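The next block holds one structure in the form of structure tokens; read it before the comments.
Numbering (UniProt numbering), first residue to last: 1 to 574.
Right under this line is the structure:
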């Protein structure tokens, strides 16, 4: 007998010819922005794979088809370098069974968002972000009741402050009140300029709410915090938005709460530790006040904590040392008093610690060398003091930014620093007013410095010759003002830092002729010294100079005529 075998697999279903034609017409309606491609603003032109000789559009990049019927249900043209206008007559809107549409990160040349989107009634996902759409958001989007994700954010061209989309008629309430299946809503950089409607609190499935820089006004509806599935609230840069944090005495999945640069106020509730899923807490640049509850240290998953630029008072809670996953701790510009808790050195994952501009006293804990991943440390402008061993910081091999200025430290930098031992290669260092009497020895081994501030110390004598070899190819900012320096020890005729832009040498007792900075210099101040002689003609080469101040010296002769040929913005003070 003859045996036959039958396959249970169905033959591949090809896309529908009318939809294939619609896609090819869509491709032809745009050009590929090669400048955006070259600049890396987009990934690659997906439509390049759309070949008119290919029968099956389901195999094209960015296309998803139903496996049974072959209809196009997904179109992802994000970051495809598309440039051109689009309107409601586009062939795109013949794809009536689309469930997912992503046009993000293209350039639609200030087109209005097409009202024909309202005809794509099967949509569950719509992303029109970062694509240079402009004008009023059409009311027809409110018909898309199946939407679970809506992103119309970040539509600007070259300047983020020039927002292109507005949401006035319809307003937020009219747009979203029928979209009861929404899980993700992002209207960032859409001009709303109105209060947040309380109807948002009815979106029981909502997990993510992004409303950055929308011009929001009035009181934030606190009921939104009680949404059972909410994970992210991002309300950054809405100065007229007020609100406070209610007692969190209910189950909550919140992971990200970011209120930067709003007018939220009041105290942090002690029940904040009920937000035990919280990973990112950004409350900087608000109007919060009072003491920080110790319960804040009971958030086991917290990785980012920013309380900067508020009016917090009292001591820094030692319980913050329990936040062992913390990567960033920013407490700058508050009214914290007391000591820096030694418990903070338990935060071994910490990369950034900012204590600038408080009223902390005592010393920096010697155990700070335990923070092996630390890249940024700033305790400028406090009331800290005592002897501070520089080696404790140099042992932190990842440290790049160190600011210790405007305290009462006596900084110790031993002359016997071991140059062969790996030490931090700093990028920015601020040691203003640290009672230094000489140039710190550790600077000899610094090769990546961009900013060095040694101003307002007690450094005497000449700037040592070895300083001419410190970070000669990277230094941008050098401030040696308000010391007792008398000159440069065996330096070249033109100062050696080839990229230097800002040089401040005023209020020393420098003698001799005027030092000549490198060609890159924009700001040069050397007033209040004892310089003499004529102004060097080499200054004529400094074509980038905007500020030149050599007032209150003993210079002779006139200002070189060449300086009058500089930019009109050049200000010369003699």
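Here a beta-carbon is modelled for each residue, glycine too, at the ideal position from N, C-alpha and C. The structure displayed is predicted, hence computed values, not measured ones.
**Message:** Between 61, 477, 56, 117, which has its C-alpha nearest residue 86's C-alpha?
**Reply:** Residue numbering aside, residue 86 sits at position 86 when the chain shown is read from its first letter. Comparing Cα-Cα distances from residue 86 to each of 61, 477, 56, 117, the minimum goes to 117.
**Asked** Does the segment 219–233 touch the segment 166–178, meaning 3 or more C-beta pairs lie closer than 8 Å?
**Response** no
**Residue environment, residue 20, which counts as buried when at least 16 other CB atoms sit within 10 Å** = Mapped onto the chain shown, residue 20 falls at position 20. So residue 20 counts as buried.
**Message:** So for residue 20, helix, strand or coil by DSSP?
**Reply:** Residue numbering aside, residue 20 sits at position 20 when the chain shown is read from its first letter. Three-state result, residue 20: helix.
**Request:** Identify, in the order they occur along the chain, each residue of the same chain with its Cβ nearer than 8 Å to the Cβ of residue 4, setting aside the five sequence neighbours on each side.
**Result:** By 1-based counting over the chain shown, the position of residue 4 is 4. Residue placement at residue 4 cannot be trusted, given a pLDDT of 37 that sits under 50; what the coordinates show is reported in the next sentence. Within the same chain, residue 4 has no close Cβ partners at all.
**Helix, strand or coil at residue 48 according to DSSP, with G and I counted as helix** = Residue 48 sits at position 48 when you count from the first residue of the chain shown. Residue state, collapsed to three classes: helix.
**Message:** Given a cut-off of 9 Å on the beta-carbon distance, is the pair residue 332 and residue 313 in contact?
**Reply:** Looking up residue 332 in the chain shown gives position 332. Looking up residue 313 in the chain shown gives position 313. No, Cβ-Cβ distance for residue 332 and residue 313 is not below 9 Å.
**C-alpha gap between residue 244 and residue 404, whole angstroms** = Position 244 of the chain shown holds residue 244. Position 404 of the chain shown holds residue 404. Rounded to the nearest angstrom, the two C-alpha atoms are 34 Å apart.
**Prompt:** Quick one, are the C-beta atoms of residue 171 and residue 191 less than 9 Å apart?
**Reply:** Within the chain shown, residue 171 is the residue found at index 171, counting from 1. Within the chain shown, residue 191 is the residue found at index 191, counting from 1. Contact: no.
**Item:** Presumed contact (8 Å Cβ cut-off) between residue 213 and residue 237, rounded CB distance
**Value:** Residue numbering aside, residue 213 sits at position 213 when the chain shown is read from its first letter. Residue numbering aside, residue 237 sits at position 237 when the chain shown is read from its first letter. Correct: roughly 4 Å between the Cβ atoms.
**Asked** Alpha carbon to alpha carbon, what distance is there between residue 339 and residue 465?
**Response** Start at 1 with the first residue of the chain shown, and residue 465 comes out as number 465. Start at 1 with the first residue of the chain shown, and residue 339 comes out as number 339. The straight-line gap from Cα to Cα measures roughly 40 Å.
**Asked** Are there 16 or more other CB atoms within 10 angstroms of the CB of residue 25, so buried, or fewer, so exposed?
**Response** Taking the first residue of the chain shown as 1, we reach residue 25 at position 25. Residue 25 comes out exposed.
**Asked** Going by beta carbon distance, what residues of the same chain come within less than 6 Å of residue 167, once the five residues before and after it are set aside?
**Response** Stepping through the chain shown from its first residue, residue 167 is reached at position 167. For residue 167, where only same-chain residues beyond five positions count, the Cβ hits under 6 Å are 137, 190, 192.
**Request:** State the CB to CB distance for the pair residue 391 and residue 375, rounded to an integer number of angstroms; the pair is presumed to be in contact (CB under 8 Å).
**Result:** For the purposes of this step, residue 391 is taken as residue 391 along the chain shown, with counting starting at 1. For the purposes of this step, residue 375 is taken as residue 375 along the chain shown, with counting starting at 1. The pair is not a contact, with the Cβ atoms about 18 Å apart (cut-off 8 Å).
**Request:** Take residue 556 and list the residues in its own chain whose beta-carbon comes closer than 8 Å to its own, dropping the five residues that flank it on each side.
**Result:** As a working note, residue 556 is residue 556 in the chain shown. Correct list, in chain order: 532, 533, 534.
**Request:** Rounded to whole angstroms, what's the CA-CA distance from residue 211 to residue 129? Just pull it up for me.
**Result:** In the chain shown, counting from the first residue as 1, residue 211 sits at position 211. In the chain shown, counting from the first residue as 1, residue 129 sits at position 129. If you take the alpha carbons of residue 211 and residue 129, they lie about 13 Å apart.
**Residue environment, residue 239, which counts as buried when at least 16 other CB atoms sit within 10 Å** = Walking along the chain shown from the start, residue 239 turns up at place 239. Result: exposed.
**Message:** Could you give the first and the last residue of the continuous alpha helix (DSSP H) run that contains residue 173?
**Reply:** Counting from one through the chain shown, the residue named residue 173 turns up at place 173. Start and end: 172–176.
**Cut-off 6 Å between Cβ atoms - residues of its own chain near residue 430, not counting five sequence neighbours on either side** = Position 430 of the chain shown holds residue 430. Only 403, 405, 453 meet the Cβ criterion.
**Request:** Determine the direct distance from the alpha carbon of residue 286 to that of residue 324, and round the result to whole angstroms.
**Result:** Here residue 324 corresponds to residue number 324 of the chain shown, with the count starting at 1. Here residue 286 corresponds to residue number 286 of the chain shown, with the count starting at 1. Going by the C-alpha atoms only, they are around 26 Å apart.
**Asked** Do residue 484 and residue 459 have their CB atoms nearer than 9 Å?
**Response** Translated into the one-based positions of the chain shown, residue 484 becomes position 484. Translated into the one-based positions of the chain shown, residue 459 becomes position 459. Going by C-beta atoms, residue 484 is nearer than 9 Å to residue 459.
**Prompt:** Which one or two residues does DSSP pair with residue 383 in a beta bridge?
**Reply:** Taking the chain shown and counting its residues from 1, the one referred to as residue 383 is at position 383. According to DSSP, which records beta bridges pairwise, residue 383 is partnered with 361.
**Where the alpha helix (DSSP H) containing residue 34 begins and where it ends** = Indexing the chain shown from 1 puts residue 34 at position 34. Note, residue 34: alpha helix (DSSP H), 34–39.
**Every unbroken beta strand (DSSP E) within the segment 203–239, with a cutoff of 3 residues, ordered by chain** = 208–210, 232–234
**Request:** Check whether the segment 339–358 touches the segment 280–296, counting contact only when three or more Cβ pairs, one atom from each stretch, lie closer than 8 Å.
**Result:** no
**Prompt:** For the candidate residues 521, 527, 519, 499, whose alpha-carbon lies nearest to that of residue 511?
**Reply:** In the chain shown, counting from the first residue as 1, residue 511 sits at position 511. Of the listed residues, the one whose Cα sits closest to residue 511 is 527.
**Prompt:** Using the C-alpha atoms, what's the distance from residue 441 back to residue 415?
**Reply:** Sequence index remark: in the chain shown, residue 415 carries index 415 (1-based). Sequence index remark: in the chain shown, residue 441 carries index 441 (1-based). Each residue's alpha carbon lies about 6 Å from the other.
**Request:** To the nearest angstrom, report how far apart residue 104 and residue 353 are at their CA atoms.
**Result:** By 1-based counting over the chain shown, the position of residue 104 is 104. By 1-based counting over the chain shown, the position of residue 353 is 353. Distance between the alpha carbons of residue 104 and residue 353 is about 36 Å.
**Item:** Residue span of the beta strand (DSSP E) that contains residue 428, given as start and end
**Value:** Working through the chain shown from its first residue, we reach residue 428 at position 428. That run of the beta strand (DSSP E) goes 428–430.
**Request:** Determine, using beta carbons only, whether residue 130 comes closer than 9 Å to chain B.
**Result:** Although the question refers to chain B, the structure presented lacks it and comprises just one protein chain.
**Message:** Quick check: the Cα distance between residue 521 and residue 152, rounded to an integer number of angstroms?
**Reply:** Residue numbering aside, residue 521 sits at position 521 when the chain shown is read from its first letter. Residue numbering aside, residue 152 sits at position 152 when the chain shown is read from its first letter. Cα to Cα, residue 521 sits roughly 44 Å from residue 152.
**Request:** Please go through the same chain and pick out, in chain order, the residues whose beta-carbon is closer than 7 Å to the beta-carbon of residue 472, but skip the five residues on each side of it.
**Result:** Numbered from its first residue, the chain shown carries residue 472 at position 472. Excluding residues within five positions, the ones whose Cβ falls inside 7 Å are 496, 497, 498.
**Request:** To the nearest angstrom, report how far apart residue 358 and residue 156 are at their CA atoms.
**Result:** Translated into the one-based positions of the chain shown, residue 358 becomes position 358. Translated into the one-based positions of the chain shown, residue 156 becomes position 156. Going by the C-alpha atoms only, they are around 38 Å apart.
**Item:** Reference residue 560; option with closest CA among 554, 572, 69, 552
**Value:** Position 560 of the chain shown, counted from the first residue, corresponds to residue 560. Measuring from the Cα of residue 560, the nearest candidate turns out to be 572.
**Proximity to residue 125 [Cα-Cα], best of 541, 78, 407** = One-based indexing of the chain shown puts residue 125 at position 125. If we check each option's Cα against that of residue 125, 78 comes out closest.
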